[in-house]
Amino acid sequence: MKKGFILSAGLVAALMLASCGSNKESAYKKAYEKAKAQEQAQGSVAQNDAPVVAPLEEKPVTQSTVTDNYDNVVARTEDVTLVNGSGLKAYSVIVGSFSVKANAEGLQNTLKSAGYDAQLAYNSNRNMYRVVAATYDTKGEAARSRDAFRATYPDAWLLFKK
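Read in order, the letters of the sequence shown are residues -24 to -1, 1 to 138 in mature numbering (1 follows the signal peptide of the UniProt record, and there is no 0).
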């Protein structure tokens, strides 16, 4: 009797589990088909309600000249002393900063061999040697030169000598 009871309980459990899976599958399938139908209905409505677009009118382009405005160019202000070179003007293009003088002199020599009047300046407040690639009286000239140097030295910046 025990054996028959266990066998029938197992059979009932198996039937219950088998019937649950098919209901879930059909429910998912129905939800998917409903979503697909809604999507198609919205697609047909959207195609019918497409906005009307007016054609573009072409206008002739007016020519304008762009002037170089370097008033807003950032220039760091530092108190530096000339270590090696012919002299600093108001604005200088810095292409390297080093805490070791030998490293700064190496870059200075590289620039000199490339034909630039490279100079070396020292900032005692920060204990840094600045390698000056070029020096100018005006901010605009210095900014144009800095932009040219950025092709080779992407971190080039402007220094305004106090």
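Beta carbons are placed, not taken as given, at the ideal position from N, Cα and C, and that holds for glycine.
Three-way DSSP call (helix, strand, coil) for residue i in this model
| i | result |
| --- | --- |
| Ser80 | In the sequence on display, residue 80 carries Ala and not Ser. If DSSP states are grouped into helix, strand and coil, Ala80 belongs with the helices. |
| Leu(-14) | helix |
| Glu54 | strand |
| Ser68 | strand |
| Asn45 | coil |
| Asn85 | helix |
| Glu9 | helix |
| Arg122 | helix |
| Glu33 | coil |
| Tyr129 | coil |
| Ser40 | With a pLDDT of 49 at Ser40, under the threshold of 50, the modelled position of that residue is not reliable, and no figure is offered here. |
Rounded separation between residue i and residue j - CA only
| i | j | result |
| --- | --- | --- |
| Gly116 | Ala78 | 31 angstroms |
| Leu(-18) | Ala(-12) | 10 angstroms |
| Ala90 | Pro31 | 57 angstroms |
| Lys5 | Lys(-22) | 40 angstroms |
| Ala7 | Ala17 | 15 angstroms |
| residue 139 | Glu33 | Outside the shown range of the chain (-24 to 138) lies residue 139, about which nothing can therefore be said. |
| Glu9 | Glu15 | 10 angstroms |
| Val76 | Ser62 | 21 angstroms |
| Val107 | Tyr92 | 12 angstroms |
| Thr111 | Tyr105 | 16 angstroms |
| Asp113 | Asp47 | 14 angstroms |
| Arg102 | Asn45 | 31 angstroms |
7 angstroms Cβ shell around residue i - same chain, five flanking residues per side excluded
| i | result |
| --- | --- |
| Phe125 | Val69, Val71, Ala109, Ala132 |
| Leu58 | Leu64, Gln95, Ala97 |
| Ser40 | Because Ser40 sits at a pLDDT of 49, beneath the cut-off of 50, its placement in the model cannot be relied upon, and the point is left open. |
Sequence-distant residues of the same chain with beta carbon closer than 8 angstroms to residue i, five excluded per side
| i | result |
| --- | --- |
| Leu134 | Val49, Val50, Ala51, Arg52, Tyr67, Ser68, Val69, Ile70, Lys115, Ala118, Ala119, Arg122 |
| Asn60 | Glu81, Gln84, Gln95, Leu96 |
| Tyr129 | Val71, Gly72, Ala109 |
Which residues DSSP lists as bridging residue i, in chain order
| i | result |
| --- | --- |
| Gln95 | Val108 |
| Ser73 | Arg106 |
| residue 140 | As displayed, the chain neither begins before -24 nor continues past 138, which places residue 140 out of reach and without an answer. |
| Asn60 | Leu96 |
Own chain, CB closer than 6 angstroms to residue i, minus 5 neighbours either side, in chain order
| i | result |
| --- | --- |
| residue 180 | The chain is shown only over -24 to 138; residue 180 falls outside these bounds and no answer can be derived. |
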